[in-house]
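Asks: Could you have a look at this structure, given as structure tokens, before my questions?
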Amino acid sequence: MAVLNEEQEMLRDMAREWATNESPVTEFRKVRARGEPEAFDREAYATMAEMGWAGVIIPEEHGGSDFGFLSAGLVIEELGKTLTASPLIATTLAASAIILGGSEQQKSKWLPKLAHGEAIATLAIDEGAHHDPDAIEAVVVEGKLTGTKAFVAEAHGADLFVVAAKDGLYLVEKGDGVTLTTRRLTDQRSHADIAFDGAAAEKLADGGDDLLGRVLDRARVLTAAEMLGMAQTVFDMTLAYLKQRVQFNQVLSTFQALQHRMADLFADLAQMRSAVEAGLQAIDSGAGAERAAIVAKAEANRVLHTISNEGIQLHGGIGMTDEYDVGFYLKRARVLENAWGTTSLLRDRFASLGGY
Amino acid sequence: MATQIEPEARDSAELFREEVRQFIADNFPEELKGKGLSMGGVEGATKESPAQKSWREAMGGRGWGTPTWPKEYGGGGLSRKQAAILNEELARAGAYNPIGGMGVMMFGPTLLEYGSEAQKQEHIPPICRGEIRWCQGYSEPNAGSDLANLQTMAEDKGDHYLVNGQKTWTSGGQWADKCFAIVRTDRSDKHKGISFLLIDMDSPGVEVRPITMISGTSPFCETFFTDVKVPKENLVGEEGQGWTIGKRLLQHERTNLSGAAPGSRSGASLADIAKKYGRVSKDGTLADPVLRDRIADFEIRWTSFLHTARRAVEESKAQGGVSEISSALKKLGTKLGQERAELTIEIMGLQGLGWEGDNFSPVELQGVRAWLYGKATTIYGGSTEIQNNVIAKRVLGMLDHQ
Ligand SMILES: Cc1cc2nc3c(=O)[nH]c(=O)nc-3n(C[C@H](O)[C@H](O)[C@H](O)COP(=O)(O)OP(=O)(O)OC[C@H]3O[C@@H](n4cnc5c(N)ncnc54)[C@H](O)[C@@H]3O)c2cc1C
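In the order they appear, the protein sequences are chains W and E. All the letters of the first sequence, read from the start, carry residue numbers 14 to 369 under the numbering used here. All the letters of the second sequence, read from the start, carry residue numbers 24 to 425 under the numbering used here.
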């Protein structure tokens, strides 16, 4: 665990307490049962914003606390543990794009609203079912955006979209020229395809050429933080189950075959945690952020993939039931594995960065 | 190895092939071409169409749904070789065997071995005709991998048993007509106190509650027995012999389950799927070298698994017993099936993770459910861990360390 300062510890403890008490997986079950495309609880999100979580990375002059990405990651990790459905990551990432590339006027218009939970925003980057930032076709002509975006997370609740066009990132407000088509994925969260048809778009002009790349670094580490929380929980649930389930007159945890499996997962999880924390810290320090973000997401993909499968397997039949929570983590895991780079894409990038 | 086939034998094989072709031409409804029997008949009691019914009855009438079972009980009475020809011709015609399920896969072969004459006469023909659905009453809340710990009690009441207890994970319990169950007839001995009993699912006192799975369907149930009367003639073998019979049935289950992970046999190859969902180079190869490598890796291992499965069959035939690698088959086949499903959704990206909606094709949506359902294949029928224990102890002679 990264060494935390007092503020960070408080933030994490608060998030942990709230998620455990107010937002256990039963809350996600309610969201799922409602079946609304928006797929999150507005009231719960308002509470999160009140606690300052939507403004963790936003500068103080724009209504945030400027605690940085490690702090944001701590909160996200806790929410990942209980599968809390919210547009917190999406909004944080959109805010980061505005912080990195927005004009003063764009910042003062949007950041306070995002920090206070009055507006929700999300990134709309990819145009197909695979993350592929090199294949962007959307174009802006005279302030009008045309193109399509695929599988945009948290699109239904969003007031604002940060959209990747051929020549950079743009802000597009919900409204004329923006049409959503719901995509129901296995994780039962908000995803949509978006058609932009001459929608009014304002460029984030101050971010330099690699604005998209830097935003994607942030997307990778925050997503990895959610995955870390999920992996930790599946691990904890599985361990607790093995310690109480009796077969052959013994608790399962006495079988060496299973002990070694858990030991392997424990070691993997330790690696995942340090990779994710290092990624978050690299964003905050600015040193080697791209590489660190790739390592964080690639390790998160690898380890959560294994743990989510092992979690089902080691629970036996009960793990296959909808009534038991472990399956939800498996389904969400595969969706997040696809977000902002599958393992093979990340490995390819990593090799390119290393010049091989 | 190419063995010389005697001219006469070849003639009779060719004659048989002719007969099969003619039968398929006369009986297989064109509209069923390319369709199959879904998930061994446990995935839901879908209504049988008139075409499906006539095809089932035609195959059932010949006993060809259970081709190698004895003729006197309604089976096909075919040799293995003839059965192989039948399969080839069915596949060639885009047809399928319409008769399946647990009755065919596990219960029938076990009853043929252990049942009384009267039991075979009563139960085998309806299985051959595909008229009766069977479910498996083995697992209980506290008897999963440790099956012999089962507690469902069958009390001797003279002319009948009175059954009380609970089974769980009963696949297809809500659609089944009958259940082959292992029950306790004696509390004093863990293994010798078990008996093999056939229970009518519509007997008073049988209650099933479907359980929803992570794949969204409810193909399995909790099954409760409260003072259920089961006639004595429904005991298979002797009282107390149930563990031996029950384990024999599990061998059939394992053999049938290796390689049965959903998705492992679906039509399109991984490479074809990858070409459809990913980028293709000008020379027609996959543009993503990493993916190409992984598909090749998978296909190589899948091919060698198929060789292994074939070898196991040949060895058991030659030895007249179970091949020592057959214990490894279920573990290998189910794992590979799961890997294939994982690779498929990865190739499709988010398009391969749809839950519902018109913007996913039926193949995509089924793929997601099959991926999720397929996680069960390494759990049921003796989990991978239990297979490992079996291999270590029975095949390798390694001792328990506890
Ligand atoms: C989809 C599905 C359908 C099923 N259908 C049927 C059915 O029709 N009829 C029926 O009777 N049953 C059915 N089952 C039940 C199935 O056979 C059991 O789930 C299985 O035997 C495992 O038991 P369990 O679930 O109690 O897991 P447990 O026995 O509790 O095992 C939990 C985990 O511990 C591992 N483990 C257990 N013991 C050991 C050991 N000694 N050493 C190492 N690892 C160990 C297991 O491998 C597993 O990973 C079905 C199950 C599923 C998931």
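Yeah, the Cβ is synthetic: ideal placement off N, Cα and C, and Gly gets one too.
#1: For the stretch 50 to 69 of chain W against the stretch 18 to 37 of chain W, are there 3 or more C-beta pairs whose distance is under 8 Å?
#2: Is the closest heavy atom of ligand 1 to the C-beta of Gly124 of chain E under 6 Å?
#3: Spell out the partners DSSP gives Ile217 of chain E in its beta bridges.
#4: Can you give me the Cβ contacts of Lys126 of chain W inside the same chain, cut-off strictly under 6 Å, excluding the 5 residues immediately before and after it?
#5: Quick check: what's the CA-CA separation for Met62 of chain E versus Thr357 of chain E?
#6: At a threshold of 6 Å, does Thr104 of chain W count as lining ligand 1 (C-beta to nearest heavy atom)?
#7: At a cut-off of 6 Å, is Arg227 of chain W close to ligand 1 when judged by its beta-carbon and the heavy atoms of the ligand?
#8: Are three or more beta carbon pairs between the stretch 257 to 268 of chain E and the stretch 136 to 144 of chain E nearer than 8 Å?
#9: Who are the neighbours of Ala270 of chain W on chain E, taking C-beta pairs under 7 Å?
#10: On a CA-only basis, which of E:Cys151, E:Ala107 and E:Gly138 is nearest Gly124 of chain E? Give me that one, please.
#11: Tell me, please, whether the stretch 211 to 222 of chain W touches the stretch 172 to 184 of chain W by the rule of three or more beta-carbon pairs shorter than 8 Å.
#12: Is it the case that the CB of Gly330 of chain W approaches a heavy atom of ligand 1 more closely than 6 Å?
#13: Report buried or exposed for Ile323 of chain E, applying the criterion of at least 16 other Cβ atoms within 10 angstroms of its Cβ.
#14: So is Ala351 of chain E in contact with chain W if we call contact Cβ pairs under 7 Å?
#15: What residues are listed by DSSP as bridge partners for Thr246 of chain E?
#16: I want to verify the contact list: residues of chain E whose CB lies under 7 Å from the CB of Ala311 of chain W, in sequence order.
#17: Quick one: is His273 of chain W near chain E, going by C-beta distance under 7 Å?
#18: In or out: Lys256 of chain W buried (at least 16 other Cβ within 10 Å) or exposed?
#19: Considering only the beta carbon of each residue, do Gly68 of chain W and Ala110 of chain W sit closer than 7 Å?
#20: Report the start-end ranges of each beta strand (DSSP E) in the stretch 98 to 140 of chain W that is 3 residues or longer and not cut off at the edges.
#21: Closest by CA to Gln374 of chain E, which one among W:Val44, W:Tyr369 and W:Ala352?
#22: Pop quiz: Leu198 of chain W and Val308 of chain W are said to be a contact at Cβ under 8 Å. What is the actual Cβ separation, rounded to whole angstroms?
#23: Report the option in E:Ser226, E:Met176 and E:Gly228 whose CA atom is closest to the CA atom of Ser211 of chain E.
#24: Compute the minimum distance between the beta carbon of Gly397 of chain E and the heavy atoms of ligand 1, and state whether it is under 6 Å.
#25: Check whether the Cβ atoms of Pro52 of chain E and Trp92 of chain E sit closer than 7 Å, and answer yes or no.
#26: Is there at least one non-hydrogen atom of ligand 1 closer than 6 Å to the beta-carbon of Tyr96 of chain E?
#27: Whole-angstrom Cβ separation of Glu167 of chain W and Ser203 of chain W, contact assumed at under 8 Å?
#28: Under the rule that 16 or more other beta-carbon atoms within 10 Å means buried, what is Arg362 of chain W, buried or exposed?
#29: Could you name the residues that DSSP lists as bridge partners for Pro254 of chain E?
#30: Is there a C-beta anywhere in chain W that falls below 7 Å from the one on Glu362 of chain E?
#31: Run through DSSP, which three-state label would Asp219 of chain W get?
#32: Does the beta-carbon of Asp277 of chain W have 16 or more other beta-carbons within 10 angstroms, so that it is buried, or is it exposed?
#33: Take the Cβ of Lys201 of chain E as the centre, count every other Cβ of all protein chains shown within 10 Å, and call the residue buried at 16 or more, exposed below.
#34: Any heavy atom of ligand 1 closer than 6 Å to the beta-carbon of Glu408 of chain E?
#35: Any heavy atom of ligand 1 closer than 6 Å to the Cβ of Phe219 of chain E?
#36: Could you check if Gln342 of chain E is buried or exposed, using at least 16 other CB atoms within 10 Å of its CB as the buried criterion?
Replies: With the structure as the only source:
#1: Short answer: they touch.
#2: By one-based count along the second sequence, residue 124 of chain E stands at place 101. Within the chosen limit of 6 Å, ligand 1 does not reach the beta carbon of Gly124 of chain E with any heavy atom.
#3: In the second sequence, counting from the first residue as 1, residue 217 of chain E sits at position 194. Partner(s): E:Arg207.
#4: Along the first sequence, read from residue 1 onward, the residue named residue 126 of chain W stands at position 113. Cβ within range, chain order: Ala132.
#5: Taking the second sequence and counting its residues from 1, the one referred to as residue 62 of chain E is at position 39. Taking the second sequence and counting its residues from 1, the one referred to as residue 357 of chain E is at position 334. The pLDDT assigned to Met62 of chain E is 42, lower than 50, so where the model puts this residue is not dependable, and the model offers no usable value.
#6: In the first sequence, the residue the question calls residue 104 of chain W occupies position 91. Not one heavy atom of ligand 1 lies closer than 6 Å to the C-beta of Thr104 of chain W.
#7: Within the first sequence, numbered from 1, the residue matching residue 227 of chain W stands at position 214. A distance criterion of 6 Å places the beta-carbon of Arg227 of chain W beyond contact range of ligand 1, judged by its closest non-hydrogen atom.
#8: Result yes; three or more Cβ-Cβ pairs closer than 8 Å.
#9: If you number the first sequence from 1, residue 270 of chain W lands on position 257. Those are Glu408 and Asn411, listed as they occur along chain E.
#10: As a first step, residue 124 of chain E must be located in the second sequence, where it is residue number 101. When only C-alpha atoms are compared, the closest one is E:Cys151.
#11: Yes: at least three Cβ pairs fall under 8 Å.
#12: Walking along the first sequence from the start, residue 330 of chain W turns up at place 317. Gly330 of chain W: yes, Cβ under 6 Å from ligand 1.
#13: In the second sequence, counting from the first residue as 1, residue 323 of chain E sits at position 300. Here Ile323 of chain E is exposed. Its C-beta has fewer than 16 other C-beta atoms within 10 Å.
#14: In the second sequence, residue 351 of chain E corresponds to position 328, counting from 1. Interface residue (Cβ-Cβ distance to chain W less than 7 Å): Ala351 of chain E is not classified as such.
#15: As a first step, residue 246 of chain E must be located in the second sequence, where it is residue number 223. Thr246 of chain E is bridged by DSSP to E:Lys190 and E:Val231.
#16: Your numbering for residue 311 of chain W matches position 298 in the first sequence. Chain E residues near Ala311 of chain W: none, gap ~12 Å exceeds 7 Å.
#17: In the first sequence, residue 273 of chain W corresponds to position 260, counting from 1. At a cut-off of 7 Å between beta carbons, His273 of chain W makes no contact with chain E.
#18: Residue numbering aside, residue 256 of chain W sits at position 243 when the first sequence is read from its first letter. With fewer than 16 Cβ atoms within 10 Å of its Cβ, Lys256 of chain W is classed as exposed.
#19: Here residue 68 of chain W corresponds to residue number 55 of the first sequence, with the count starting at 1. Here residue 110 of chain W corresponds to residue number 97 of the first sequence, with the count starting at 1. The answer is no: Cβ separation not under 7 Å.
#20: List check, beta strand (DSSP E) in window: 134 to 137.
#21: The residue labelled residue 374 of chain E in the question sits at position 351 within the second sequence. Restricting attention to W:Val44, W:Tyr369 and W:Ala352, the CA atom closest to the CA of Gln374 of chain E is found in W:Ala352.
#22: As a working note, residue 198 of chain W is residue 185 in the first sequence. As a working note, residue 308 of chain W is residue 295 in the first sequence. At roughly 26 Å, the Cβ-Cβ gap does not stay under 8 Å, so Leu198 of chain W and Val308 of chain W are not in contact.
#23: Here residue 211 of chain E refers to the residue found at position 188 when the second sequence is read from its first residue. Nearest to Ser211 of chain E by alpha-carbon distance, out of E:Ser226, E:Met176 and E:Gly228, is E:Met176.
#24: Your numbering for residue 397 of chain E matches position 374 in the second sequence. Remark: the shortest separation between the CB of Gly397 of chain E and any heavy atom of ligand 1 does not fall under 6 Å.
#25: For the purposes of this step, residue 52 of chain E is taken as residue 29 along the second sequence, with counting starting at 1. For the purposes of this step, residue 92 of chain E is taken as residue 69 along the second sequence, with counting starting at 1. For Pro52 of chain E and Trp92 of chain E, no; Cβs fall outside 7 Å.
#26: By one-based count along the second sequence, residue 96 of chain E stands at place 73. No.
#27: As a first step, residue 167 of chain W is located in the first sequence; it is residue number 154 there, counting from the start. As a first step, residue 203 of chain W is located in the first sequence; it is residue number 190 there, counting from the start. In this structure, Glu167 of chain W and Ser203 of chain W form a Cβ contact; the two beta carbons are roughly 5 Å apart against a cut-off of 8 Å.
#28: Reading the first sequence from its first residue, position 349 is the one you call residue 362 of chain W. Result: buried.
#29: For the purposes of this step, residue 254 of chain E is identified with residue 231 of the second sequence, where counting begins at 1. According to DSSP, Pro254 of chain E bridges with E:His183.
#30: Working through the second sequence from its first residue, we reach residue 362 of chain E at position 339. No, Glu362 of chain E lies away from the interface with chain W (no Cβ there is under 7 Å from its Cβ).
#31: Position 206 of the first sequence holds residue 219 of chain W. Note: Asp219 of chain W maps to helix in three-state DSSP.
#32: Your numbering for residue 277 of chain W matches position 264 in the first sequence. Counting C-beta atoms within 10 angstroms of its own C-beta, Asp277 of chain W has fewer than 16 neighbours from the protein chains shown and is therefore classed as exposed.
#33: In the second sequence, residue 201 of chain E corresponds to position 178, counting from 1. Burial call: buried.
#34: The sequence position of residue 408 of chain E within the second sequence is 385, counting from 1. Yes - ligand 1 has a heavy atom lying nearer than 6 Å to the Cβ of Glu408 of chain E.
#35: Your numbering for residue 219 of chain E matches position 196 in the second sequence. No, the beta carbon of Phe219 of chain E sits no closer than 6 Å to any heavy atom of ligand 1.
#36: Here residue 342 of chain E refers to the residue found at position 319 of the second sequence. In the assembly as shown, Gln342 of chain E is an exposed residue. Its beta-carbon has fewer than 16 other beta-carbons within 10 Å.
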